[in-house]
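Trainee: Okay, here's the structure, questions in a sec.
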Amino acid sequence: MRRIKRIKVQKVHREGTGLLLSMFTVLFTVNMIVYYTVSNKFVFYSVLVASAVLFLIILNFFRSPYRRFPFDSEGLVIAPADGTIVAIEEVVENEYFHDKRIQVSIFMSIFNVHANWFPVNGTVMHVSHQNGRFRAAYLPKCSRENERSTIVVRTDYGVDILTRQIAGAMARRIVTYAKEGDYCEVNEQMGFIKFGSRVDTFLPLGTEILVEPDQKVTGNQTPIARLGKITYISKEK
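Residues 5 to 241, numbered by the working numbering, are exactly what the sequence shown covers, in order.
Okay, structure coming up:
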């Protein structure tokens, strides 16, 4: 018996419903005004097409695909966002750890899904938000100077993983669902960043990195690192 192919349905993220409804109302009103006041049909159809394209672009941005990591995630760090790997480097993380870490940065263009997922299973140890600038998200300085939210999750084996949501030149709102003390899993959404932005993940030295610069990754699907036998436990914050 032939199996019916399942169609993947992508719903609209809750962070975009209000904006999309308002946008639809405004565009519908504009098109009705043009239709009844401008006799030139070419103008009306031009406005109609432009409105439809704009609405579909924003609708595409707020898509929220249903995802589940298909394998055992124990010992792995899963990509917290869709996008392109723009940095893999050893840095000094001065906001929480105050020591050296491996930073893996994912740049999200306006065409990527902008929901963010937890990269590991564990307990949320720290959540904070810092106001800042709105530089282009692919620039190295944006990790320190842009508006950002920081989430630290301690795995069941005592490894602290820091993930930072960073606003970009077009982003003006970072939404973070993580709460200190909550237990989180990789299949749960950590937050959402509106429009172009970036997510940095800070890993202990010695972590095996599984991705390369310029590689495309998918949030909640692509393993970016393997923690192995690391048993590092940071101090309480």
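Heads up, the beta-carbon is just placed ideally off N, CA and C, and yes, glycines get one too.
Just so it is clear, the structure is predicted and the values come from calculations on it, not from any experiment.
1) DSSP three-state label for A141, please.
2) Using 8 angstroms as the Cβ pair cut-off and three pairs as the minimum, do the stretch 176-183 and the stretch 90-97 touch?
3) Once you ignore the five residues that flank T159 on each side, which residues in its own chain have a CB closer than 6 angstroms to its CB?
4) Along the beta strand (DSSP E) that carries F48, what are the first and last residues, could you check?
5) How far does the alpha helix (DSSP H) with F32 in it reach, from first residue to last?
6) To the nearest angstrom, how far is the alpha carbon of V117 from that of G162?
7) Does the contact criterion of 3 or more C-beta pairs under 8 angstroms hold for the stretch 194-212 versus the stretch 80-87?
8) So, are the CB atoms of V215 and V95 less than 9 angstroms apart?
9) What three-state label does DSSP hand F196 in the structure shown?
Mentor: If we stick to the structure as given:
1) Stepping through the sequence shown from its first residue, residue 141 is reached at position 137. Its pLDDT being 48, under 50, A141 is placed unreliably by the model, and the measurement read from it follows with that caveat. Note: A141 maps to coil in three-state DSSP.
2) no
3) In the sequence shown, residue 159 corresponds to position 155, counting from 1. Taken in chain order, the residues that qualify are V124 and G126.
4) As a first step, residue 48 is located in the sequence shown; it is residue number 44 there, counting from the start. Premise fails: F48 lies in the alpha helix (DSSP H), K45 to F65, not in any beta strand (DSSP E).
5) Taking the first residue of the sequence shown as position 1, residue 32 is located at position 28. It spans T21 to T41 - the alpha helix (DSSP H) in which F32 sits, taken as one unbroken run.
6) Counting from 1 along the sequence shown, the entry for residue 117 is found at position 113. Counting from 1 along the sequence shown, the entry for residue 162 is found at position 158. Roughly 30 angstroms separates the two Cα atoms.
7) yes
8) Taking the sequence shown and counting its residues from 1, one reaches residue 215 at position 211. Taking the sequence shown and counting its residues from 1, one reaches residue 95 at position 91. No; because the gap between Cβ atoms is not below 9 angstroms, this pair is not in contact.
9) Within the sequence shown, residue 196 is the residue found at index 192, counting from 1. If DSSP states are grouped into helix, strand and coil, F196 belongs with the strands.
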